[in-house]
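When we follow our numbering, the leftmost residue of the sequence shown carries the number 22, and every step to the right adds one.
Heads up, the beta-carbon is just placed ideally off N, CA and C, and yes, glycines get one too.
Remember, predicted model here, so these are calculated numbers, not experimental data.
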Amino acid sequence: MTYYYKLGQIPHKRHTQFRQANGALHHEEVMGIHGFAGIQSILYHLYPPTAVRRLGLVPTEPIVYEDSGPLRPRHLRSTPLPAGGDAISGRVPLMGNNDVVLYLARPTEPMTYWYKFAHGDDVLFIHDGTGVLESQFGHLRYGPGDYLVIPTGVMWRLLPDPDSEQRMLVVESYGHVTPPKHYINNYGQFLENSPFCERDIRPPDELITHDEAGEFEVRVKARNQVTCFVYDHHPLDVVGWDGHLWPFAFNIADFEPITGRVHQPPPVHQTFDGPGYVLCSFVPRLFDYHPQAIPAPYNHSNVDSDEVLYYVEGDFMSRKGIERASLTIHPNGIPHGPHPGTYEGSIGKTRTEELAVMVDTFRPLRLTRHALAMEDDGYAYSWLV
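What follows is the structure, given as C-alpha coordinates:
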(Lines of atoms letter the chains of each structure in order from A and count residues from 1; the text may use other names and numbers.)
(Lines give C-alpha, C1' and ligand atoms only; values in the text may rest on other atoms or scores of the structure.)
Protein backbone atom coordinates (compact mmCIF):
# COMPACT_ATOMS: atom_id res chain seq x y z
CA MET A 1 0.00 0.00 0.00
CA THR A 2 1.12 3.60 -0.38
CA TYR A 3 1.21 4.68 3.26
CA TYR A 4 2.74 3.71 6.58
CA TYR A 5 0.85 1.83 9.28
CA LYS A 6 1.77 0.00 12.47
CA LEU A 7 0.00 -2.31 14.89
CA GLY A 8 1.13 -3.91 18.15
CA GLN A 9 4.53 -3.61 19.80
CA ILE A 10 7.70 -2.79 17.85
CA PRO A 11 11.19 -1.66 18.92
CA HIS A 12 12.38 1.91 18.52
CA LYS A 13 14.91 0.96 15.82
CA ARG A 14 14.62 -1.75 13.20
CA HIS A 15 17.15 -4.61 13.16
CA THR A 16 17.97 -4.11 16.86
CA GLN A 17 17.42 -6.26 19.95
CA PHE A 18 13.75 -6.62 20.86
CA ARG A 19 13.31 -9.01 23.75
CA GLN A 20 10.36 -10.97 25.07
CA ALA A 21 9.37 -10.98 28.74
CA ASN A 22 11.45 -14.15 29.29
CA GLY A 23 14.54 -12.50 27.84
CA ALA A 24 14.49 -14.29 24.49
CA LEU A 25 14.73 -12.25 21.32
CA HIS A 26 11.71 -11.67 19.15
CA HIS A 27 12.26 -12.97 15.62
CA GLU A 28 12.27 -10.15 13.07
CA GLU A 29 10.92 -10.79 9.55
CA VAL A 30 11.23 -8.32 6.68
CA MET A 31 8.53 -8.86 4.04
CA GLY A 32 8.84 -6.81 0.85
CA ILE A 33 8.45 -6.77 -2.91
CA HIS A 34 10.88 -6.12 -5.78
CA GLY A 35 13.76 -7.50 -3.75
CA PHE A 36 14.58 -4.85 -1.16
CA ALA A 37 13.68 -1.97 -3.49
CA GLY A 38 9.89 -1.98 -3.12
CA ILE A 39 7.47 -1.42 -0.28
CA GLN A 40 7.95 -3.58 2.80
CA SER A 41 6.83 -4.27 6.34
CA ILE A 42 8.73 -5.65 9.33
CA LEU A 43 7.04 -8.19 11.62
CA TYR A 44 8.16 -9.43 15.05
CA HIS A 45 7.43 -13.08 15.91
CA LEU A 46 7.58 -15.11 19.10
CA TYR A 47 9.08 -18.01 17.12
CA PRO A 48 11.19 -18.26 13.95
CA PRO A 49 8.88 -18.26 10.90
CA THR A 50 11.31 -20.74 9.33
CA ALA A 51 10.78 -23.56 11.87
CA VAL A 52 8.87 -26.13 9.75
CA ARG A 53 8.09 -29.55 11.24
CA ARG A 54 7.20 -31.26 7.95
CA LEU A 55 6.08 -30.44 4.43
CA GLY A 56 4.47 -32.09 1.43
CA LEU A 57 2.33 -31.50 -1.63
CA VAL A 58 -1.44 -30.92 -1.49
CA PRO A 59 -3.33 -32.73 -4.28
CA THR A 60 -4.78 -30.13 -6.64
CA GLU A 61 -6.42 -30.11 -10.04
CA PRO A 62 -4.72 -27.96 -12.69
CA ILE A 63 -6.78 -25.33 -14.49
CA VAL A 64 -7.68 -26.66 -17.93
CA TYR A 65 -8.69 -24.20 -20.62
CA GLU A 66 -11.09 -25.32 -23.34
CA ASP A 67 -11.34 -24.63 -27.05
CA SER A 68 -13.94 -21.87 -26.88
CA GLY A 69 -14.85 -21.79 -30.58
CA PRO A 70 -15.46 -18.70 -32.74
CA LEU A 71 -14.64 -15.23 -31.47
CA ARG A 72 -17.81 -13.69 -30.01
CA PRO A 73 -19.21 -11.72 -27.08
CA ARG A 74 -20.29 -13.94 -24.21
CA HIS A 75 -22.67 -13.83 -21.27
CA LEU A 76 -22.16 -16.17 -18.31
CA ARG A 77 -25.03 -16.76 -15.89
CA SER A 78 -23.34 -17.59 -12.59
CA THR A 79 -26.31 -17.28 -10.22
CA PRO A 80 -26.83 -21.09 -10.04
CA LEU A 81 -23.17 -21.68 -9.09
CA PRO A 82 -23.27 -24.31 -6.32
CA ALA A 83 -22.13 -23.26 -2.85
CA GLY A 84 -19.50 -25.29 -1.03
CA GLY A 85 -15.97 -25.58 0.26
CA ASP A 86 -13.93 -22.77 1.75
CA ALA A 87 -12.57 -19.60 0.13
CA ILE A 88 -9.81 -21.60 -1.59
CA SER A 89 -11.22 -25.09 -2.16
CA GLY A 90 -14.55 -23.58 -3.27
CA ARG A 91 -13.02 -21.44 -6.02
CA VAL A 92 -14.30 -22.19 -9.51
CA PRO A 93 -11.89 -21.00 -12.23
CA LEU A 94 -13.64 -19.29 -15.14
CA MET A 95 -10.96 -17.69 -17.31
CA GLY A 96 -7.34 -16.63 -17.31
CA ASN A 97 -4.07 -15.94 -19.06
CA ASN A 98 -0.44 -15.64 -17.94
CA ASP A 99 -1.20 -12.45 -15.97
CA VAL A 100 -4.45 -13.12 -14.15
CA VAL A 101 -7.03 -15.81 -13.34
CA LEU A 102 -10.65 -15.04 -12.48
CA TYR A 103 -12.63 -17.30 -10.15
CA LEU A 104 -16.04 -17.32 -8.50
CA ALA A 105 -16.65 -18.79 -5.07
CA ARG A 106 -19.59 -19.36 -2.73
CA PRO A 107 -17.80 -20.77 0.32
CA THR A 108 -19.82 -22.40 3.08
CA GLU A 109 -16.95 -23.32 5.42
CA PRO A 110 -14.21 -21.45 7.28
CA MET A 111 -10.64 -22.18 6.22
CA THR A 112 -8.92 -24.51 8.70
CA TYR A 113 -5.46 -23.65 7.33
CA TRP A 114 -3.67 -20.49 6.19
CA TYR A 115 -2.89 -19.80 2.56
CA LYS A 116 -0.59 -17.60 0.52
CA PHE A 117 0.09 -17.15 -3.18
CA ALA A 118 3.80 -16.83 -3.86
CA HIS A 119 3.66 -15.25 -7.33
CA GLY A 120 1.40 -12.25 -6.85
CA ASP A 121 -1.51 -10.58 -5.10
CA ASP A 122 -5.08 -11.78 -4.59
CA VAL A 123 -8.11 -9.49 -4.82
CA LEU A 124 -11.37 -10.80 -3.37
CA PHE A 125 -14.47 -8.80 -4.26
CA ILE A 126 -17.10 -9.65 -1.66
CA HIS A 127 -20.51 -9.67 -3.34
CA ASP A 128 -22.38 -11.20 -0.40
CA GLY A 129 -21.46 -12.11 3.14
CA THR A 130 -19.60 -10.90 6.19
CA GLY A 131 -16.71 -12.26 8.19
CA VAL A 132 -13.04 -11.83 9.06
CA LEU A 133 -9.91 -11.93 6.95
CA GLU A 134 -7.31 -13.27 9.38
CA SER A 135 -3.57 -12.88 8.74
CA GLN A 136 -0.29 -12.36 10.56
CA PHE A 137 -1.06 -8.63 10.22
CA GLY A 138 -4.24 -8.99 12.30
CA HIS A 139 -7.98 -9.19 11.81
CA LEU A 140 -9.77 -7.29 9.05
CA ARG A 141 -13.56 -7.45 8.98
CA TYR A 142 -15.25 -7.58 5.58
CA GLY A 143 -18.74 -7.11 4.20
CA PRO A 144 -20.65 -6.71 0.92
CA GLY A 145 -18.92 -4.47 -1.59
CA ASP A 146 -15.44 -4.85 -0.10
CA TYR A 147 -12.37 -5.39 -2.20
CA LEU A 148 -9.90 -7.37 -0.08
CA VAL A 149 -6.40 -6.81 -1.50
CA ILE A 150 -3.94 -9.40 -0.17
CA PRO A 151 -0.27 -8.93 -1.08
CA THR A 152 1.87 -11.90 -1.98
CA GLY A 153 3.58 -13.40 1.07
CA VAL A 154 0.66 -12.73 3.40
CA MET A 155 -0.63 -15.84 5.20
CA TRP A 156 -4.40 -15.53 5.38
CA ARG A 157 -7.62 -17.36 5.86
CA LEU A 158 -11.24 -16.31 5.47
CA LEU A 159 -13.59 -16.93 8.41
CA PRO A 160 -17.19 -16.25 7.32
CA ASP A 161 -19.68 -15.25 10.00
CA PRO A 162 -22.10 -18.06 10.96
CA ASP A 163 -25.21 -18.20 8.74
CA SER A 164 -23.72 -15.59 6.38
CA GLU A 165 -24.21 -16.56 2.74
CA GLN A 166 -21.02 -15.83 0.82
CA ARG A 167 -20.47 -14.95 -2.83
CA MET A 168 -17.24 -13.50 -4.22
CA LEU A 169 -15.28 -12.75 -7.36
CA VAL A 170 -11.59 -13.63 -7.03
CA VAL A 171 -8.83 -12.01 -9.09
CA GLU A 172 -5.54 -13.91 -8.80
CA SER A 173 -2.69 -11.74 -10.12
CA TYR A 174 0.73 -12.90 -11.27
CA GLY A 175 2.26 -9.69 -9.98
CA HIS A 176 1.32 -6.78 -7.75
CA VAL A 177 -1.92 -4.79 -7.46
CA THR A 178 -1.59 -1.06 -6.83
CA PRO A 179 -3.62 2.13 -7.06
CA PRO A 180 -3.28 3.68 -10.53
CA LYS A 181 -0.17 5.86 -10.81
CA HIS A 182 -2.18 8.81 -12.09
CA TYR A 183 -3.99 8.97 -8.72
CA ILE A 184 -0.71 9.30 -6.76
CA ASN A 185 1.72 12.20 -6.39
CA ASN A 186 5.51 11.91 -6.31
CA TYR A 187 5.41 11.37 -2.55
CA GLY A 188 3.00 8.44 -2.65
CA GLN A 189 -0.04 10.41 -1.48
CA PHE A 190 -3.39 10.25 -3.26
CA LEU A 191 -4.11 13.36 -5.32
CA GLU A 192 -7.04 15.66 -4.64
CA ASN A 193 -8.71 14.56 -7.90
CA SER A 194 -8.41 10.83 -7.24
CA PRO A 195 -11.74 8.99 -6.76
CA PHE A 196 -10.64 7.59 -3.37
CA CYS A 197 -7.93 8.30 -0.84
CA GLU A 198 -6.16 6.96 2.26
CA ARG A 199 -9.21 7.53 4.48
CA ASP A 200 -11.15 5.00 2.42
CA ILE A 201 -8.62 2.19 2.87
CA ARG A 202 -9.07 -0.07 5.89
CA PRO A 203 -6.03 -1.89 7.31
CA PRO A 204 -6.24 -4.73 9.86
CA ASP A 205 -7.33 -3.15 13.13
CA GLU A 206 -6.94 -5.94 15.71
CA LEU A 207 -3.72 -7.86 16.24
CA ILE A 208 -4.16 -11.08 18.22
CA THR A 209 -0.85 -12.73 19.15
CA HIS A 210 -1.08 -16.53 19.40
CA ASP A 211 1.34 -18.53 21.53
CA GLU A 212 0.00 -22.04 21.12
CA ALA A 213 1.63 -25.39 20.43
CA GLY A 214 0.18 -28.06 18.16
CA GLU A 215 0.04 -28.76 14.44
CA PHE A 216 -0.72 -25.76 12.24
CA GLU A 217 -0.96 -25.91 8.46
CA VAL A 218 0.05 -23.22 5.97
CA ARG A 219 -0.49 -23.86 2.26
CA VAL A 220 1.65 -22.03 -0.30
CA LYS A 221 0.69 -21.91 -3.97
CA ALA A 222 3.86 -21.64 -6.06
CA ARG A 223 5.29 -23.15 -9.25
CA ASN A 224 1.94 -24.62 -10.35
CA GLN A 225 1.52 -26.65 -7.18
CA VAL A 226 0.45 -26.22 -3.56
CA THR A 227 2.85 -27.15 -0.76
CA CYS A 228 1.68 -27.79 2.80
CA PHE A 229 3.96 -26.63 5.64
CA VAL A 230 3.21 -27.87 9.17
CA TYR A 231 4.46 -25.88 12.18
CA ASP A 232 4.68 -26.80 15.87
CA HIS A 233 3.61 -23.29 16.84
CA HIS A 234 0.72 -21.09 15.75
CA PRO A 235 1.83 -19.14 12.64
CA LEU A 236 0.07 -15.95 13.79
CA ASP A 237 2.56 -15.29 16.60
CA VAL A 238 3.28 -11.68 15.61
CA VAL A 239 3.45 -9.19 18.50
CA GLY A 240 3.76 -6.13 16.27
CA TRP A 241 4.58 -4.86 12.80
CA ASP A 242 5.00 -1.68 10.81
CA GLY A 243 5.52 -0.65 7.20
CA HIS A 244 3.75 -0.11 3.90
CA LEU A 245 2.92 -3.70 2.88
CA TRP A 246 -0.26 -5.12 4.42
CA PRO A 247 -3.66 -6.50 3.40
CA PHE A 248 -6.44 -3.95 3.17
CA ALA A 249 -10.12 -3.50 2.38
CA PHE A 250 -11.66 -0.87 0.14
CA ASN A 251 -15.43 -0.72 -0.31
CA ILE A 252 -16.82 -0.06 -3.77
CA ALA A 253 -19.32 2.40 -2.22
CA ASP A 254 -16.38 4.66 -1.32
CA PHE A 255 -15.35 5.06 -4.97
CA GLU A 256 -16.34 8.58 -6.03
CA PRO A 257 -17.41 8.55 -9.70
CA ILE A 258 -15.89 10.94 -12.21
CA THR A 259 -18.58 12.45 -14.45
CA GLY A 260 -18.66 15.04 -17.23
CA ARG A 261 -20.82 16.89 -19.74
CA VAL A 262 -20.47 14.03 -22.24
CA HIS A 263 -19.94 10.30 -21.79
CA GLN A 264 -16.69 9.49 -20.00
CA PRO A 265 -14.50 6.58 -21.18
CA PRO A 266 -14.02 3.46 -19.04
CA PRO A 267 -10.62 4.51 -17.60
CA VAL A 268 -12.37 7.02 -15.31
CA HIS A 269 -13.71 4.01 -13.42
CA GLN A 270 -10.25 2.50 -12.80
CA THR A 271 -9.72 1.44 -9.19
CA PHE A 272 -6.60 -0.74 -9.25
CA ASP A 273 -3.76 -1.46 -11.62
CA GLY A 274 -2.63 -5.08 -11.95
CA PRO A 275 -0.06 -6.93 -14.05
CA GLY A 276 -1.50 -6.99 -17.56
CA TYR A 277 -4.93 -5.74 -16.51
CA VAL A 278 -6.89 -2.94 -14.87
CA LEU A 279 -9.73 -3.32 -12.37
CA CYS A 280 -12.58 -0.79 -12.51
CA SER A 281 -15.67 0.04 -10.42
CA PHE A 282 -18.96 1.17 -11.97
CA VAL A 283 -20.98 2.82 -9.21
CA PRO A 284 -24.23 4.84 -8.92
CA ARG A 285 -23.61 8.24 -10.47
CA LEU A 286 -25.13 11.20 -12.27
CA PHE A 287 -25.31 10.93 -16.03
CA ASP A 288 -23.73 13.34 -18.50
CA TYR A 289 -25.21 16.84 -18.42
CA HIS A 290 -24.55 18.29 -21.90
CA PRO A 291 -27.99 19.24 -23.31
CA GLN A 292 -27.43 16.85 -26.23
CA ALA A 293 -25.69 14.11 -24.20
CA ILE A 294 -26.29 10.40 -24.83
CA PRO A 295 -25.63 8.72 -21.46
CA ALA A 296 -25.32 5.19 -22.88
CA PRO A 297 -21.80 4.29 -24.01
CA TYR A 298 -20.91 4.61 -27.68
CA ASN A 299 -19.91 1.53 -29.68
CA HIS A 300 -16.25 0.78 -29.20
CA SER A 301 -13.73 -1.78 -30.37
CA ASN A 302 -11.55 -3.44 -27.78
CA VAL A 303 -8.43 -3.15 -29.90
CA ASP A 304 -5.97 -4.17 -27.19
CA SER A 305 -8.02 -5.76 -24.41
CA ASP A 306 -10.63 -8.27 -23.37
CA GLU A 307 -13.36 -6.68 -21.24
CA VAL A 308 -14.99 -8.66 -18.43
CA LEU A 309 -17.87 -7.14 -16.47
CA TYR A 310 -19.23 -8.68 -13.28
CA TYR A 311 -22.71 -7.30 -12.54
CA VAL A 312 -23.24 -6.68 -8.85
CA GLU A 313 -26.47 -4.77 -8.32
CA GLY A 314 -28.98 -2.59 -10.18
CA ASP A 315 -29.81 -2.29 -13.87
CA PHE A 316 -26.89 -1.77 -16.21
CA MET A 317 -28.25 0.90 -18.53
CA SER A 318 -26.60 -0.38 -21.73
CA ARG A 319 -27.46 -4.08 -21.33
CA LYS A 320 -30.56 -6.25 -21.60
CA GLY A 321 -31.03 -9.72 -20.17
CA ILE A 322 -28.34 -9.28 -17.52
CA GLU A 323 -28.97 -10.51 -13.99
CA ARG A 324 -27.24 -10.20 -10.65
CA ALA A 325 -23.87 -12.04 -10.67
CA SER A 326 -23.82 -12.28 -14.48
CA LEU A 327 -20.55 -11.84 -16.32
CA THR A 328 -20.10 -10.54 -19.85
CA ILE A 329 -16.94 -10.98 -21.89
CA HIS A 330 -16.28 -8.73 -24.88
CA PRO A 331 -13.03 -9.89 -26.51
CA ASN A 332 -10.58 -7.84 -28.50
CA GLY A 333 -10.97 -8.00 -32.26
CA ILE A 334 -14.66 -7.13 -32.51
CA PRO A 335 -16.68 -4.02 -31.54
CA HIS A 336 -19.30 -3.96 -28.81
CA GLY A 337 -21.77 -1.42 -27.57
CA PRO A 338 -25.22 -0.84 -26.08
CA HIS A 339 -28.08 -3.20 -26.79
CA PRO A 340 -30.80 -2.05 -29.21
CA GLY A 341 -33.08 0.53 -27.64
CA THR A 342 -30.73 1.42 -24.80
CA TYR A 343 -28.76 4.04 -26.76
CA GLU A 344 -31.81 6.14 -27.68
CA GLY A 345 -33.56 5.15 -24.47
CA SER A 346 -30.84 6.62 -22.28
CA ILE A 347 -31.45 10.18 -23.55
CA GLY A 348 -32.95 12.37 -20.85
CA LYS A 349 -32.09 10.06 -17.97
CA THR A 350 -30.24 11.78 -15.16
CA ARG A 351 -28.57 9.00 -13.16
CA THR A 352 -27.85 5.29 -12.93
CA GLU A 353 -27.88 2.96 -9.93
CA GLU A 354 -25.71 0.29 -11.55
CA LEU A 355 -22.95 -1.44 -9.61
CA ALA A 356 -20.39 -3.57 -11.42
CA VAL A 357 -16.74 -4.65 -11.36
CA MET A 358 -14.76 -4.66 -14.60
CA VAL A 359 -11.49 -6.42 -15.42
CA ASP A 360 -9.84 -5.38 -18.68
CA THR A 361 -6.91 -7.58 -19.67
CA PHE A 362 -4.26 -6.77 -22.25
CA ARG A 363 -3.75 -10.38 -23.28
CA PRO A 364 -6.58 -12.65 -24.51
CA LEU A 365 -8.43 -14.66 -21.90
CA ARG A 366 -9.04 -18.39 -22.21
CA LEU A 367 -12.18 -19.97 -20.77
CA THR A 368 -12.60 -23.11 -18.67
CA ARG A 369 -15.31 -25.75 -18.93
CA HIS A 370 -16.97 -24.18 -15.89
CA ALA A 371 -17.37 -20.90 -17.79
CA LEU A 372 -18.66 -22.58 -20.94
CA ALA A 373 -21.26 -24.46 -18.87
CA MET A 374 -22.68 -21.09 -17.73
CA GLU A 375 -22.84 -19.54 -21.19
CA ASP A 376 -25.95 -17.89 -22.59
CA ASP A 377 -25.70 -19.12 -26.19
CA GLY A 378 -27.98 -16.41 -27.58
CA TYR A 379 -26.01 -13.45 -26.27
CA ALA A 380 -23.86 -13.01 -29.39
CA TYR A 381 -27.02 -12.35 -31.43
CA SER A 382 -28.73 -10.08 -28.90
CA TRP A 383 -27.89 -6.91 -30.87
CA LEU A 384 -30.21 -7.90 -33.75
CA VAL A 385 -33.34 -5.74 -33.87
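Residue burial is scored here from C-beta neighbours: serine 322 has fewer than 16 other C-beta atoms within 10 angstroms and is therefore classed as exposed. Distance from the CA of leucine 405 to the CA of phenylalanine 337, rounded to the nearest whole angstrom, comes to 19 Å. By the beta-carbon neighbour count (other beta carbons within 10 angstroms, threshold 16), glutamate 213 is exposed. The continuous beta strand (DSSP E) containing histidine 48 extends over residues 48-53.
With a cut-off of 8 Å on Cβ pairs, the stretch 358-376 is in contact with the stretch 313-327, counting three or more such pairs.
The beta-carbon separation of glycine 159 and proline 225, rounded to 3 Å, stays under the 8 Å limit for a contact. With a threshold of 16 other beta carbon atoms within 10 Å, glutamate 193 meets it and is buried. For the pair proline 128 and alanine 108, the CB atoms are nearer than the 8 Å cut-off.
With 16 or more neighbouring CB atoms inside 10 Å of its own CB, glycine 111 falls in the buried class.
Tyrosine 310: not part of any alpha helix (DSSP H); DSSP gives it neither H nor E. In this model, isoleucine 355 and tyrosine 298 are separated by some 19 Å (Cα to Cα). In terms of Cβ geometry, glycine 335 and glutamate 374 form a close pair [threshold 8 Å]. The stretch 124-142 makes no contact with the stretch 87-94: fewer than 3 CB pairs, one atom from each, lie closer than 8 Å. DSSP places histidine 391 inside the alpha helix (DSSP H), whose first and last residues are 390-394.
Assignment of histidine 284 by DSSP, reduced to helix, strand and coil, places it in the coil class.
Put simply, the backbone Cα of proline 268 is about 31 Å away from that of aspartate 325. Collapsing the DSSP output to three states places tyrosine 400 in a helix.
In this structure, leucine 180 sits away from glycine 150, with a CB-CB distance that is not shorter than 8 Å. Taking 3 residues as the shortest admissible run, the stretch 52-105 contains the following complete beta strand (DSSP E) segments, listed from N- to C-terminal end: 61-66, 73-79 and 95-98. Rounded to the nearest whole angstrom, the C-alpha separation of methionine 52 and tyrosine 319 is 45 Å. Histidine 290 and leucine 125 have their C-alpha atoms roughly 22 Å apart.
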